[in-house]
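Residue numbers (this note's numbering), protein chains in the order written: chain A, 154 to 393; chain B, 154 to 393. Even glycine gets a Cβ: it sits at the ideal position worked out from N, Cα and C. As the structure is a computational prediction, the values presented were derived from the model and not from experiment.
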DNA sequence: TGAATACCGAACGACCTGTTCAGTATCGCC
DNA sequence: GGCGATACTGAACAGGTCGTTCGGTATTCA
């Protein structure tokens, strides 16, 4: 968005820096790459770098911005309506895993070690936002106002997906993207439907867990208890 | 293990440094803490620091080693046998969430931002190892040799748990540890049992997803295809 | 008490960061 | 084609961190 950058020198410098970072990340891993090294590799002046990016991470994210568009393009074919029906083989995740497979060297370098935190967080939001959005719509349609649990369920789902994605990359893609999509859907859909009170087709239409009282009250009490406990710790203390 | 450190000066220095790091992490976050700051806060010589730890992260992990023992102690009451029966309210996760609640300030500081990568990884293994171990035993008992999928399921489960744990901490503990345990169990158990072919009490005893052929063969072919595609990228290339 | 050893403190070189500035090259556009 | 605008260069800057070294001092163990 806002993509009109006319001056060739600008695009050239940016691309040189991005390519240099990519190469160095693949060679040494993100954490081990220094701005200085990027400068040397790209053969770009120090001042120029800081004229374009605020630092190493900004450069990384600028690269990922292109990947984001790429993912978005691939995901465009999937309408929000499709997300709802978990019980059927939707293939929501297939594009994600396919994209990761295509760019697997970069994904591995960025997600594998601890450097991936920023990227993982970005991916998390990228998946969580539309999912949450649609789940809330679906719930409203079924007239079940359980918004708090939606966050929890979405978090669990996206965390599981990304965890499995990393595992899958490090295991050298033992299954196809299609298979990954199916096994994850198979793993998660039942429980998600149950937790959200959807899936009326299922045997158990969600009894329990917030059962007898409103969770808010018990929650507040619980927090107070914990805070009290934390303020007056034992002999050797907790949370020191 | 190997715990005999007799010289008081040693334990004093280590504790001073650990406490200083803890305090600074709570104040500024792990990434913003510098070795120099720890030295100043602990009032310990630079040389002394490097006599004990190889760097900032080693110091952090030495702190977490104590938490690890603490978690291990709490988890000790839960026999591996208990882990199997997902369908019942086991409470496997309750100690984890309780421990996180007790130490929530530290957990939040360490897990919240991107600094937590090392710690999350450590926690991941801590949870995954016994779970994997027991699931394999359970599967062997049911005579289903599906070892490859165990890794995937364990990864998904642990990732979901840790993701939700972070969410729960940042949402300021909206539920009790017991509730968290129950909702996660409710969310995950059905699908896990289904994916592993356990849960014979369920309606669907796991048909599908690895259906018609052995997954290994299709897998190998798939990998070869992907590798070929990656070596001969399009005009502007993928995974550049 | 005496020998072992952990600590101090100061200094070291090496590295990285982010900013500045005058001079030069390249660009977009009329 | 040419001109004004703009991006880049290159070098230097101060400020910071890191990990190591060393002789001298203090504490501890036995």
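Annotation: residue 348 of chain B to residue 225 of chain A spans about 30 angstroms, alpha carbon to alpha carbon. Residue range 247 to 255 is occupied by the alpha helix (DSSP H) that includes residue 248 of chain B. Collapsing the DSSP output to three states places residue 324 of chain A in coil. For the pair residue 172 of chain B and residue 274 of chain A, the Cα-to-Cα distance works out to about 29 angstroms. With fewer than 16 other beta carbons inside 10 angstroms of its own, residue 164 of chain B counts as exposed. Listed in chain order, the non-local C-beta contacts of residue 210 of chain B below 8 angstroms within the same chain comprise 271, local neighbours out to five positions each way being set aside.
In the structure shown, the three-state DSSP call for residue 308 of chain A is helix.
For residue 304 of chain A, a Cβ of chain B is located within less than 8 angstroms of the residue's own Cβ.
Legend: CB atoms of the segment 171 to 199 of chain A lying less than 8 angstroms from CB atoms of chain B belong to residues 172 and 175.
The three-state reading of DSSP puts residue 188 of chain B in helix, counting H, G and I together. Here residue 284 of chain B is near residue 310 of chain B, since their CB atoms are less than 8 angstroms apart. In this structure, the straight-line span from the alpha carbon of residue 160 of chain B to that of residue 259 of chain B is close to 29 angstroms.
At least one CB atom of chain B sits nearer than 8 angstroms to the CB of residue 345 of chain A. In terms of Cβ geometry, residue 343 of chain A and residue 344 of chain B form a close pair [threshold 8 angstroms].
Closest by C-alpha distance to residue 329 of chain B, out of B/280, B/179 and B/253, is B/253. For residue 161 of chain A, the enclosing alpha helix (DSSP H) starts and ends at 161 to 181. Taking a beta-carbon distance threshold of 8 angstroms, residue 282 of chain A does not count as an interface residue toward chain B. In this structure, the CA atom of residue 201 of chain B is about 42 angstroms from the CA atom of residue 215 of chain A.
For residue 312 of chain A, the nearest beta carbon of chain B is closer than 8 angstroms to its own beta carbon.
Taking each of A/314, A/208 and A/326 in turn and checking the Cα distance to residue 340 of chain A, the smallest one comes out for A/314. In the structure shown, the three-state DSSP call for residue 196 of chain B is coil. If you check the CB distance, residue 292 of chain A and residue 307 of chain A do not come in under 8 angstroms.
Look at residue 206 of chain B here: in three-state DSSP terms it is coil, with no helix or strand label. The beta carbon of residue 169 of chain B does not come within 8 angstroms of any beta carbon belonging to chain A, so the residue lies off that interface. A residue is called buried when at least 16 other Cβ atoms come within 10 angstroms of its Cβ; residue 334 of chain A meets this threshold and is buried.
The C-beta distance from residue 176 of chain B to residue 199 of chain B rounds to 19 angstroms, too long to fall under 8 angstroms, and the pair is not in contact. The shortest C-alpha to C-alpha distance from residue 205 of chain B to any of B/188, B/191, B/167 and B/196 is the one to B/167.
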